[in-house]
Amino acid sequence: MSEVNESECEEFLNIIKLSLEEDKSHVHVVVIIGASVRNTRTWLFRDGLLPPRTYFVGFARSDIGTQDIRAESEKFAKLSSSPCQKYEEFWDCNFYLRGDYTNPKTFELLNKFIESKWEQSVNRIFYYAIPPSVYKPVSSSIKEYCTNKNPDTWTRLIIEKPFGRDLESFNELNSELTKLFTEEQIYRIDHYLGKEMVQNLLILRFCNQVFSPLWNRENIDNITISFKEPFGTEGRGGYFDQFGIIR
1 MSEVNESECE EFLNIIKLSL EEDKSHVHVV VIIGASVRNT RTWLFRDGLL
51 PPRTYFVGFA RSDIGTQDIR AESEKFAKLS SSPCQKYEEF WDCNFYLRGD
101 YTNPKTFELL NKFIESKWEQ SVNRIFYYAI PPSVYKPVSS SIKEYCTNKN
151 PDTWTRLIIE KPFGRDLESF NELNSELTKL FTEEQIYRID HYLGKEMVQN
201 LLILRFCNQV FSPLWNRENI DNITISFKEP FGTEGRGGYF DQFGIIR
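Numbering (my numbering), first residue to last: 1 to 247.
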């Protein structure tokens with residue numbers, strides 16, 4: 001199992017590296033909507049897979065700066081005693097703007113900031129680190145003020161779970177998004193589907209002669225997967241009440 005995973009990962013990384021070689025001529029700007037949340041602080045790119053001219057713009061309601069985000073992130077970063085040059089270069093590519101998710105004018109300011117730094121000839125990726133309740137106003141403002149006017153560049157949205165709280169709310173959100181952006185512009189992801197334990201459920205189900213005839217809809221009522229974490233909701237109780245864990 002591990003050999004197959006390593007082989008697949010190596011092939012995937014080679015594909016990414018090849019695409020980066022072909023895309024060196026473009027500037028990429030990744031706008032993290034909700035840059036002050038916990039997951040933004042705890043996960044950083046570290047494998048050298050970013051295109052050479054890639055920049056990050058944090059956008060959130062918190063009255064903080066890039067140095068504040070760096071200080072919080074370093075609590076979770078796996079660093080040697082002296083940070084390397086690559087790490088310093090990464091933070092040199094980071095910027096932060098304060099804005100209101102429901103105020104379109106702040107997105108107009110975001111667009112002016114991007115154009116003042118890199119003009120219009122940049123590819124833009126908007127990563128949603130925000131609750132689904134503000135997807136609609138944020139997406140409308142991005143469409144109105146922050147999409148590329150240059151036909152040689154592109155705009156993408158990356159939306160991570162939860163995508164609504166049930167099928168009905170999912171369909172409603174999806175309908176709103178597809179009115180504004182094409183399917184090719186929208187990337188929906190669930191990072192938990194990439195976890196080894198979750199992926200191994202299929203192997204356990206279909207490759208085990210004991211479980212294969214028993215694990216079916218007639219014998220299983222539901223499946224519960226528990227992930228224990230060494231920290232609390234940390235001020236996110238209202239979010240979890242509405243969209244997960246506690247509801």
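From the three backbone atoms N, C-alpha and C, an ideal C-beta is built for every residue, glycine too.
Looking only at its own chain, which residues have a Cβ that is under 8 Å from the Cβ of residue 111, when we skip the five neighbours before and after it?
-> Along the sequence shown, one-based indexing puts residue 111 at 111. Only 145, 146 meet the Cβ criterion.
According to the neighbour-count rule (16 or more other Cβ atoms, all chains shown, within 10 Å of its Cβ), is residue 226 buried or exposed?
-> Here the question's residue 226 lines up with position 226 in the sequence shown. By the 10 Å Cβ count, residue 226 comes out exposed.
Take residue 153 and list the residues in its own chain whose beta-carbon comes closer than 8 Å to its own, dropping the five residues that flank it on each side.
-> The residue given as residue 153 occupies position 153 in the sequence shown. Counting only Cβ-Cβ distances below 8 Å, and skipping sequence neighbours, we find 26, 120, 121, 122, 123, 124.
Is residue 181 near the ligand SAM, going by C-beta to nearest heavy atom under 7 Å?
-> In terms of ligand content, the structure shown is empty, and the ligand SAM therefore cannot be addressed.
Which stretch, first to last residue, makes up the alpha helix (DSSP H) that contains residue 158?
-> Residue 158 sits at position 158 when you count from the first residue of the sequence shown. Premise fails: residue 158 lies in the beta strand (DSSP E), 155 to 160, not in any alpha helix (DSSP H).
On the three-pair Cβ rule with 8 Å, is the segment 124 to 142 touching the segment 153 to 162?
-> yes
Measuring CB to CB, does residue 173 end up less than 8 Å from residue 135?
-> Counting from 1 along the sequence shown, the entry for residue 173 is found at position 173. Counting from 1 along the sequence shown, the entry for residue 135 is found at position 135. Yes, they are a contact pair.
Length of the line joining the Cα atoms of residue 56 and residue 140 | Walking along the sequence shown from the start, residue 56 turns up at place 56. Walking along the sequence shown from the start, residue 140 turns up at place 140. Going by the C-alpha atoms only, they are around 21 Å apart.
What runs of the beta strand (DSSP E), each 3 residues or longer, lie entirely inside the segment 42 to 130?
-> 54 to 60, 94 to 98, 122 to 128
Can you tell me the Cα-Cα spacing of residue 95 and residue 203, whole angstroms?
-> The residue labelled residue 95 in the question sits at position 95 within the sequence shown. The residue labelled residue 203 in the question sits at position 203 within the sequence shown. Their backbone Cα atoms lie some 43 Å apart in a straight line.
For residue 100, which option in 73, 59, 53, 184 has the closest C-alpha, if you only look at C-alpha atoms?
-> Counting from 1 along the sequence shown, the entry for residue 100 is found at position 100. Of the listed residues, the one whose Cα sits closest to residue 100 is 59.
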